[in-house]
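If you're matching positions, the sequence shown starts at 1 in the UniProt record's numbering and goes up one per residue.
These notes concern the structure reproduced below.
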Amino acid sequence: MDQSFILNLLEILLINIVLSGDNAVVIALACRNLPDEHRNKAVVFGTLGAVVLRVGLTFVAVYLLTIPFLNFIGGLLLLWIAISLLKGEDDGDIKANSTLAGAIKTIIIADLVMSLDNVVAVAGAANGSILLIILGLVISIPLIIWGSQLLMKIMEKFPIIIIAGAALLGYTAGEMIFKDKAVGHVLEGLNPHLHTIIPILLAILVVVVGKLSGRSKKETH
Numbered sequence: 001m002d003q004s005f006i007l008n009l010l011e012i013l014l015i016n017i018v019l020s021g022d023n024a025v026v027i028a029l030a031c032r033n034l035p036d037e038h039r040n041k042a043v044v045f046g047t048l049g050a051v052v053l054r055v056g057l058t059f060v061a062v063y064l065l066t067i068p069f070l071n072f073i074g075g076l077l078l079l080w081i082a083i084s085l086l087k088g089e090d091d092g093d094i095k096a097n098s099t100l101a102g103a104i105k106t107i108i109i110a111d112l113v114m115s116l117d118n119v120v121a122v123a124g125a126a127n128g129s130i131l132l133i134i135l136g137l138v139i140s141i142p143l144i145i146w147g148s149q150l151l152m153k154i155m156e157k158f159p160i161i162i163i164a165g166a167a168l169l170g171y172t173a174g175e176m177i178f179k180d181k182a183v184g185h186v187l188e189g190l191n192p193h194l195h196t197i198i199p200i201l202l203a204i205l206v207v208v209v210g211k212l213s214g215r216s217k218k219e220t221h
């Protein structure tokens, strides 16, 4: 391996570490209500499935980013996922969407939605090297798994972290909407400060709607 290859690989690893925080949050949120015997399976299989999809997405990332409204739709989907994850917090039962299969599905969908930034950054750092792309993503797997397992342990001791995690996903959804080629340009034209305001408002919206929906469903039962 020459020096440039090693430097590019280190750059890709750093990108994955920095950008995988949201992925670790959604994995921890999706798996927190699972029985102990299913948690590790959900984390491993969900992460592996998401990474496989991310590898494929990497090769078409530049093209995907040119599609109008793709990031906007992805942001709305992530917003829905964040609210759904938080709704379950006020429900004591392990519901259908908290089964092993449900958790894996949530992890894969959320990771796919949030992967555009990651894959574009990785593709740029790899300079067209397929080997670098695959190596970087494969090595990132234990980082995401370890990070999500650590977050689950913290969530058990400090439930407030669950709310913070859901709010972070709402904020990420707002940033995705602004990165959309069609919608982001229009919003920036209305008011440049909206770039900061909207992600914050969506983070608050996730917490409010998620908690109110969870309580309403609990009262109904």
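Positions of the beta carbon are idealized from the N, C-alpha and C atoms, including for glycine.
Because the structure is a prediction, the values reported are computed rather than measured.
Residue i classed as buried or exposed, judged by whether at least 16 other C-beta atoms fall within 10 angstroms
| i | result |
| --- | --- |
| proline 159 | exposed |
| glutamate 156 | exposed |
| phenylalanine 59 | exposed |
| serine 140 | buried |
| isoleucine 197 | exposed |
| lysine 153 | exposed |
| glycine 165 | buried |
| alanine 101 | exposed |
| valine 44 | exposed |
| leucine 7 | exposed |
| serine 4 | exposed |
| valine 138 | exposed |
| proline 68 | exposed |
CA-to-CA distance, residue j to residue i, given in whole angstroms
| i | j | result |
| --- | --- | --- |
| aspartate 91 | histidine 185 | In this prediction, aspartate 91 scores a pLDDT of 45, lower than 50, which makes its location untrustworthy; the coordinate-derived value is nonetheless stated afterwards. Their backbone Cα atoms lie some 40 angstroms apart in a straight line. |
| leucine 48 | leucine 70 | 24 angstroms |
| isoleucine 109 | isoleucine 177 | 17 angstroms |
| isoleucine 83 | isoleucine 12 | 31 angstroms |
| glycine 74 | histidine 195 | 17 angstroms |
| aspartate 36 | alanine 182 | 44 angstroms |
| leucine 151 | leucine 143 | 12 angstroms |
| glycine 136 | glycine 56 | 14 angstroms |
| leucine 131 | valine 113 | 24 angstroms |
| leucine 168 | leucine 78 | 11 angstroms |
| serine 129 | valine 208 | 44 angstroms |
Where the alpha helix (DSSP H) containing residue i begins and where it ends
| i | result |
| --- | --- |
| alanine 173 | 160-179 |
| histidine 38 | 36-58 |
| phenylalanine 72 | 70-87 |
| histidine 185 | 183-190 |
| serine 148 | 130-157 |
The stretch 186-193 contacting the stretch 160-171, beta-carbon criterion three pairs below 8 angstroms:
no
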